[in-house]
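Undergrad: Chains as they are written, first to last, in the numbering used here: chain F, -6 to 177; chain V, -6 to 177.
Protein chains: 2
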Amino acid sequence: MMKVSLGAKNCLYPMPTTLIGANINGQANYITMAHVGMANPACIFLSMNKRHYTNAGIKEAGAFSVNIPSVDLVDVTDYCGLVSGKDVDKASLFETFYGRLGAPMIRECLINMECQLVQTIDFRQHEIFIGEIVETFCDEACLTDGVVDFSKVNPILFVMNDRSYWKLAERFARAWSVGKDLRT
Amino acid sequence: MMKVSLGAKNCLYPMPTTLIGANINGQANYITMAHVGMANPACIFLSMNKRHYTNAGIKEAGAFSVNIPSVDLVDVTDYCGLVSGKDVDKASLFETFYGRLGAPMIRECLINMECQLVQTIDFRQHEIFIGEIVETFCDEACLTDGVVDFSKVNPILFVMNDRSYWKLAERFARAWSVGKDLRT
Chain F
-6 MMKVSLGAKN CLYPMPTTLI GANINGQANY ITMAHVGMAN PACIFLSMNK RHYTNAGIKE
54 AGAFSVNIPS VDLVDVTDYC GLVSGKDVDK ASLFETFYGR LGAPMIRECL INMECQLVQT
114 IDFRQHEIFI GEIVETFCDE ACLTDGVVDF SKVNPILFVM NDRSYWKLAE RFARAWSVGK
174 DLRT
Chain V
-6 MMKVSLGAKN CLYPMPTTLI GANINGQANY ITMAHVGMAN PACIFLSMNK RHYTNAGIKE
54 AGAFSVNIPS VDLVDVTDYC GLVSGKDVDK ASLFETFYGR LGAPMIRECL INMECQLVQT
114 IDFRQHEIFI GEIVETFCDE ACLTDGVVDF SKVNPILFVM NDRSYWKLAE RFARAWSVGK
174 DLRT
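(1) For the ligand MG, is there a heavy atom less than 7 Å away from the beta-carbon of residue 39 of chain F?
(2) I need the boundaries of the beta strand (DSSP E) containing residue 91 of chain V, first residue and last residue.
(3) Could you check the C-alpha separation between residue 120 of chain V and residue 177 of chain V for me, to the nearest Å?
(4) Please report the straight-line C-alpha distance between residue 104 of chain F and residue 26 of chain F, rounded to a whole angstrom.
(5) Hey, is residue 119 of chain F's beta-carbon within less than 8 Å of any beta-carbon in chain A?
(6) Write down the C-beta distance between residue 35 of chain V and residue 125 of chain V rounded to the nearest angstrom, noting that I regard them as a contact closer than 8 Å.
(7) Are the stretch 89 to 107 of chain F and the stretch 135 to 148 of chain F in contact at 8 Å, needing three or more beta carbon pairs?
(8) Between residue 77 of chain V and the rest of its own chain, which residues show a CB-CB distance below 6 Å, the 5 nearest in sequence each way excluded?
(9) Restricting to runs no shorter than 3 residues, where is the beta strand (DSSP E) found entirely within the stretch 0 to 83 of chain F?
(10) Spell out the partners DSSP gives residue 118 of chain F in its beta bridges.
(11) Counting only Cβ pairs nearer than 9 Å, list the residues of chain V close to residue 3 of chain F.
(12) Should the stretch 162 to 173 of chain F be regarded as contacting the stretch 132 to 139 of chain F, the criterion being three or more beta carbon pairs within less than 8 Å?
(13) Just reading off the alpha helix (DSSP H) that residue 145 of chain V is part of, what are its end residues?
(14) For residue 49 of chain V, does the count of other Cβ atoms within 10 angstroms reach 16, so buried, or fall short, so exposed?
(15) Please identify, using Cβ separations under 9 Å, the residues of the stretch 146 to 162 of chain F that lie next to chain V, in order along the chain.
(16) Consider the Cβ of residue 132 of chain V: report whether some Cβ of chain F lies at a distance smaller than 8 Å.
(17) Do residue 14 of chain F and residue 42 of chain F have their C-beta atoms closer together than 8 Å?
(18) Decide if the stretch 84 to 99 of chain F is in contact with the stretch 0 to 18 of chain F; the criterion is three or more beta carbon pairs, one per stretch, under 8 Å apart.
(19) Against chain F, does residue 45 of chain V count as a neighbour if the rule is that its beta carbon must be under 8 Å from one of theirs?
(20) Please classify residue 18 of chain F: is it buried, with 16 or more other beta-carbons within 10 angstroms of its beta-carbon, or exposed?
(21) Please report the straight-line C-alpha distance between residue 65 of chain F and residue 38 of chain V, rounded to a whole angstrom.
(22) By the criterion of Cβ-Cβ separation under 9 Å, what are the contact partners of residue -4 of chain V in chain F?
(23) Short of 8 Å in beta carbon distance, which residues of its chain neighbour residue 4 of chain V, apart from the five on each side in sequence? Order them along the chain.
(24) Which whole-angstrom value describes the C-beta separation of residue 170 of chain V and residue 71 of chain F, a residue pair presumed to lie in contact below a C-beta threshold of 8 Å?
(25) For residue 70 of chain V, return the contacting residues in chain F, with the cut-off set at a CB-CB distance below 8 Å.
(26) Can you pull the DSSP bridge partners for residue 95 of chain V?
(27) Taking only beta-carbon atoms, is residue 168 of chain V less than 8 Å away from chain F?
(28) Against residue 74 of chain V, what residues of chain F qualify as contacts under a CB-to-CB distance less than 8 Å, listed in chain order?
(29) What are the start and end residues of the beta strand (DSSP E) that includes residue 166 of chain V?
Next up, the structure:
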């Protein structure tokens, strides 16, 4: 098979679409983000363009939340990436609840993680926020035998290349297991 | 719906499973990683436990590759996360090719990104490597109208919670678009 060059093209997708919550000037706000990931197994890293309204709130409060919307919330999730909290009260779209850090969380999202900001990295036009997960909430309906079941979460997966949202299909193999037979 | 607390539980999944390539002591090596993400739209962020054999190679060469395996490569992908390049020649499992940075890439993976290391962040037991994508290769077979089509890539999605690999389903909505009607 011939390889073709696409130039310097970012193809690390799909990524889970999240709604990031923070208080800004005493007001709950949410912004759509898919450039999130794990900085280690206990900490979430979040890459946010410095022009976003939310950045100042995260730095001021030292906390943010990561909320995982399901596919039925795709309209409102997309909308939260189209408008700025500077202009629009996006918190009015949801029912907000709080944990112990004071970062607003979205009741309609099946999974909510409260994160304490532990490091901020200045990275060109972006700030990278690293937050330690201090508490995770979920709706009981998304658990199977006490474990979060992503077929029940039904997350919105983001692909930049076609600027689209995708669905998750089924589990098909066990990690740290399916490759064991090659170990000879 | 009642919320339940799971403690400090990482639920930011699924993540794309990748094979990270680096030369170590003049030898190509690959390691399975899903804790990867975008540090900004041009740079990949990679969180690697310091005990991995690959870290020294990335730092020495100042380069790594990100290779995206398809579901048919799940056995060998899982295997590359089970054994260390210290003990096993994992490069012999694949056909390796090179671009301009000297980081080994896997021909059997439909997408390959060459990354130049631009920053290393010491983060507790982990090192966070930030690499700028300098060139991306793909098999022509995974393009639709010149755009990478993830239904053709058929990536392996990783979920830590159930320690499993999942498949990607279909595209269902347009980003920066499906929420526009809420803008009134």
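Backbone N, C-alpha and C define an ideal beta-carbon position, used for all residues, glycine too.
Remember, predicted model here, so these are calculated numbers, not experimental data.
TA: The relevant details are as follows:
(1) Ligands displayed in this structure: none; no statement on the ligand MG is therefore possible.
(2) Run containing residue 91 of chain V: 89 to 91, per the beta strand (DSSP E) assignment.
(3) 45 Å
(4) 15 Å
(5) No chain A appears in this structure, whose protein chains are F and V.
(6) A Cβ-Cβ distance of about 6 Å is found for the pair residue 35 of chain V and residue 125 of chain V, placing them in contact under the 8 Å criterion.
(7) With three or more CB-CB distances shorter than 8 Å, the stretch 89 to 107 of chain F counts as touching the stretch 135 to 148 of chain F.
(8) 46
(9) 11 to 17, 20 to 26, 29 to 33, 36 to 42 and 56 to 61
(10) Per DSSP, none; premise fails for residue 118 of chain F.
(11) 31, 34, 35, 36, 37, 106, 126 and 129
(12) no
(13) 143 to 146
(14) exposed
(15) 146, 148, 149, 150, 151, 152, 153, 154, 155, 156, 157, 158, 159, 160, 161 and 162
(16) Yes, residue 132 of chain V counts as interfacial toward chain F.
(17) no
(18) yes
(19) Judged by the 8 Å Cβ criterion, residue 45 of chain V is not in contact with chain F.
(20) exposed
(21) 30 Å
(22) Neighbours of residue -4 of chain V on chain F, chain order: 90, 98, 100, 105, 130, 131, 132 and 133.
(23) 154
(24) 7 Å
(25) 172
(26) In the DSSP output, where bridge partners are listed per residue, residue 95 of chain V has none listed.
(27) Yes, because at least one Cβ of chain F sits closer than 8 Å to the Cβ of residue 168 of chain V.
(28) 168, 169 and 172
(29) In the DSSP assignment, residue 166 of chain V falls within the beta strand (DSSP E) that extends over 157 to 167.
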